[in-house]
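Beneath this line is the structure, given in structure tokens, with notes to follow.
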Amino acid sequence: MNKDQLENRLPRSFYERSPIVVAQQLLGKSLLRRVRQQWIGGRIVETEAYLAAEDPASHSARGRTPRNASMFGPPGTLYVYTIHAKYCLNAVTEAAGVGSAVLIRALEPIWGIKRMKKNRGVDDLRRLARGPAMLCQALGIDRQQDGIDLVDSDLVAITGSPSEDPSISESLTVTSSPRIGISQATERQLRFFVDANWYVGGRASDHENRPTRP
DNA sequence: ACAACGATACCCT
DNA sequence: GGGTATCGTTGTT
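The first sequence lines up with residues 159 to 372 when you count with this note's numbering.
Set out below in structure tokens:
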């Protein structure tokens, strides 16, 4: 990963939209983490949308707490939360104070694979970043990065063509399914993933849903 | 102070 | 496909 690609960073306006749109548009974009002089990471291949107050599965549904405070930050804020002694990361969407976000669930590892293997303690490419907590471990992201501004930070960034440029998204077949691991609003199709991508997690039954257009 | 509970991952069959 | 390790956060005594 060289520095030039960072100039392709997504602007705040990208995030200032419905998480349902942003979740789909993030597929194919690059999630990057700086380790010393090097940027490591890969392509986003699986996401989930978490809405604001009307979504009972969302961390923001029962209001602001110390844990979820950054979810109410400006669009483009990084929200990192702890679950089962692990970490997962989201990109905050819509206006500050709303409380919606997109969970990034899987990455196709591309840059700094050696470093990510070391961070994960595994050698299998497929088990490097297939799952939200695996991905954070691979990138070395924890609660210390909670609240970082993805639009501006020199530690974590998301790059790629902006939403209005269809060059990446249109070449991908995006499929939706129910979100993983939730117990409420399980009927909503708010998980999105690149169809048939080798690095997308979940069981075969999760892939029986109709394709959608971003 | 404490008990319950995850937007999980791993190991086992 | 199922059981469980593991720990921060939250809501309740």
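From the three backbone atoms N, C-alpha and C, an ideal C-beta is built for every residue, glycine too.
- Query: What is the C-beta distance between Gly-298 and Arg-191, in whole angstroms, given that I count them as a contact (C-beta under 8 Å)?
  - Reply: 6 Å
- Under the assumption that Thr-251 contacts Arg-175 (Cβ atoms under 8 Å), give the Cβ distance between them as a whole number of angstroms. 7 Å
- Which stretch, first to last residue, makes up the beta strand (DSSP E) that contains Val-280? Looking at the DSSP string, Val-280 is not in any beta strand (DSSP E), and its letter there is neither H nor E.
- Under 6 Å Cβ to Cβ from Gly-200, same chain only, skipping five residues before and after it: list those, please. Leu-265, Glu-266, Pro-267, Ile-268
- Message: For Val-193, report the span of its alpha helix (DSSP H) as first-last.
- Response: Run containing Val-193: none in the alpha helix (DSSP H); it sits in the beta strand (DSSP E), 188-193.
- Query: Hey, Leu-293 and Gly-234: beta-carbon distance below 8 Å or not?
  - Reply: no
- Query: Is it the case that the Cβ atoms of Gly-231 and Ala-254 are separated by a distance below 8 Å?
  - Reply: yes
- Assigned secondary structure, Glu-204 (DSSP; H/G/I helix, E/B strand, else coil): strand
- Query: Does the Cβ-Cβ distance between Ile-198 and Gly-270 come in under 8 Å?
  - Reply: yes
- Task: Measure the Cβ-Cβ separation of Gly-339 and Arg-288 and say whether it is below 8 Å.
- Result: no
- At what residue ranges does the segment 287-325 contain a whole run of the beta strand (DSSP E), taking only runs of 3 or more? 314-317
- Task: Measure the C-alpha to C-alpha separation of Lys-187 and Arg-273 and round it to an integer number of angstroms.
- Result: 20 Å
- Message: For Val-256, report the span of its alpha helix (DSSP H) as first-last.
- Response: It is not in any alpha helix (DSSP H) - Val-256 carries neither H nor E in the DSSP assignment.
- Item | Host beta strand (DSSP E) of Arg-349 (start-end) | 349-352
- Message: Spatial neighbours of Leu-209 within its chain, please: C-beta separation below 7 Å, excluding the five flanking residues on both sides.
- Response: Pro-177, Ser-216, Ser-258
- Item | Own chain partners of Asn-355 with C-beta closer than 6 Å, once the 5 adjacent residues on each side are dropped | Val-203
- Task: Could you tell me whether the Cβ atoms of Gln-256 and Ala-207 are closer together than 8 Å?
- Result: Sequence check: residue 256 is Val here, not Gln. Taking 8 Å as the Cβ cut-off, Val-256 and Ala-207 do not qualify as a contacting pair.
- Report whether the distance from the Cβ of Glu-165 to the nearest heavy atom of the ligand COA is below 7 Å. The ligand COA is not part of the structure shown, which contains no ligands of any sort.
- Query: Which value, in whole angstroms, describes the spacing of the CA atoms of Ile-262 and Val-314?
  - Reply: 13 Å
- Query: Are there 16 or more other CB atoms within 10 angstroms of the CB of Thr-223, so buried, or fewer, so exposed?
  - Reply: exposed
- Task: Quick one: grab the DSSP three-state call for Ala-219.
- Result: helix
- Query: In terms of alpha-carbon separation, which member of Leu-236, Val-193, Thr-331 lies closest to Gln-183?
  - Reply: Thr-331
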